[in-house]
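Residue numbering for the sequence shown follows UniProt numbering, starting at 1 and increasing by one per position.
See structure below.
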Amino acid sequence: MELFFKYLQYEKRYSPHTLTSYHTDLGQFALYLEQVYQITDAAEADHTIIRSWLLTLVQNNIQPRSINRKIACLRSYYRFLLAQQRIPANPMLRIKAPKASKKLPAFVAEEPFNNFLDSFTFEDSFEGQRDRLILEFLYGTGMRLAELINVTEADVNFSAKTVRVLGKGNKERILPLNESLVQSISSYLKYKKSLQADNNSEKLLVTTKALPLYPKFVYRVVKKHISLVTTSEHNSPHVLRHSFATHLLNKGADLNAIKELLGHASLAATQVYTHNSIERLKSIFEKAHPKA
1 MELFFKYLQY EKRYSPHTLT SYHTDLGQFA LYLEQVYQIT DAAEADHTII RSWLLTLVQN
61 NIQPRSINRK IACLRSYYRF LLAQQRIPAN PMLRIKAPKA SKKLPAFVAE EPFNNFLDSF
121 TFEDSFEGQR DRLILEFLYG TGMRLAELIN VTEADVNFSA KTVRVLGKGN KERILPLNES
181 LVQSISSYLK YKKSLQADNN SEKLLVTTKA LPLYPKFVYR VVKKHISLVT TSEHNSPHVL
241 RHSFATHLLN KGADLNAIKE LLGHASLAAT QVYTHNSIER LKSIFEKAHP KA
């Protein structure tokens, strides 16, 4: 399994988040094999054993989306074992994934959130300007959390008003910056230079000790401020990415352009945002049309 994870990390370049999830999934599967079937090598499991584990997950009320991720993990693992000639055939070929209900992406309302960014008084300090920049970056570019914490000062091009982002699979893309965001970066950097620290990080966003930010830190900042705008439980950094895409689409942006900005590999991943726009159109129709 360790060889498999090295393969995912260094050859397939999976994100740390996916690697952590796959570690958990394979660990749970290995524990099941040992406890129920006294099998210590997953290569010995056939499709009936794998199916029995999946059935156990269903009986334990595990969500279909989570089960599908575990199936994706096992598919990658057994393909790897087959390529390594550890198994004669891939048992996952006889496994079907359960249908998962499609949830519409959660997003914050455009006007209240923009009013918040314009009117909220962030502290005139390093922490205050950094927190503002976190929110503006996520909402103003639509980048992922992992992409945000890895942006370096060198990635920002002030003259071109762009930022270079390294996305999933080490795919690089260039994102435009609006004037407000450029000004926020400039203001923040003045405070960052005044930090008294021995280990100044090349990362753009850092803690007060000049160390790179970490996911939980960003989660706390986003949750703290979004809760002032909405009562929804959906207040993670990813909600601002969804808001970015939804608001662009509502303003008439081309779906392919949004796909490129988000760094999606296929248009199918971006099309989920059209459902939110359709719901908005339905609402307008019901309020305005005399026959609605």
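Every residue gets a Cβ at the ideal spot worked out from N, C-alpha and C, and that includes glycine.
Could you give the distance in angstroms between the alpha-carbon of D254 and the alpha-carbon of Y273?
12 Å
Quick one: using the 10 Å Cβ neighbour count with 16 as the cut-off for buried, is F29 buried or exposed?
buried
Here's the rule I'm using: 16 or more other beta-carbon atoms within 10 Å means buried, otherwise exposed. How should H234 be labelled?
exposed
Within a Cβ cutoff of 6 Å, which residues of the same chain sit near V222, ignoring the five residues on either side of it in sequence?
P237
What whole-angstrom Cβ distance do E110 and H247 have, given they're in contact under 8 Å?
5 Å
L195 - DSSP class collapsed to helix/strand/coil
coil
Assuming L3 contacts L19 (C-beta within less than 8 Å), just tell me the rounded distance between them.
Not really, about 14 Å apart at Cβ, beyond 8 Å.
Suppose the cutoff is 7 Å on Cβ atoms and the five residues either side in sequence are ignored; what does the same chain contact list for I39 look like?
L33 and A45
Decide if the stretch 148-165 is in contact with the stretch 80-93; the criterion is three or more beta carbon pairs, one per stretch, under 8 Å apart.
no
Beta-carbon proximity check, residue 319 vs T270, cutoff 9 Å:
Here the chain comprises residues numbered 1 to 292, so residue 319 is not present and cannot be evaluated.
Inter-residue Cα distance where the pair is R129 and A83:
Reading off the sequence, residue 129 comes out as Gln, not Arg. Cα to Cα, Q129 sits roughly 50 Å from A83.
My output table needs one value for E233: the three-state DSSP class, helix, strand or coil.
coil
How about L166 and L213: do their beta carbons lie closer than 9 Å?
no
Beta-carbon within less than 6 Å of I226's beta-carbon, same chain only, minus the 5 sequence neighbours each way: which residues are those?
N235
Please report the distance separating the alpha-carbon of K6 from that of A288.
57 Å
Could you spell out where the alpha helix (DSSP H) holding R65 opens and where it closes?
P64 to A83
Below 8 Å, can you find three or more Cβ-Cβ pairs linking the stretch 179-193 to the stretch 134-147?
yes
Short Cβ contact (9 Å threshold) for V108 with V239
yes
Whole angstroms is fine: what's the gap from K161's alpha carbon to G140's?
12 Å
Express the C-alpha separation of K224 and R241 in angstroms, rounding to a whole number.
17 Å
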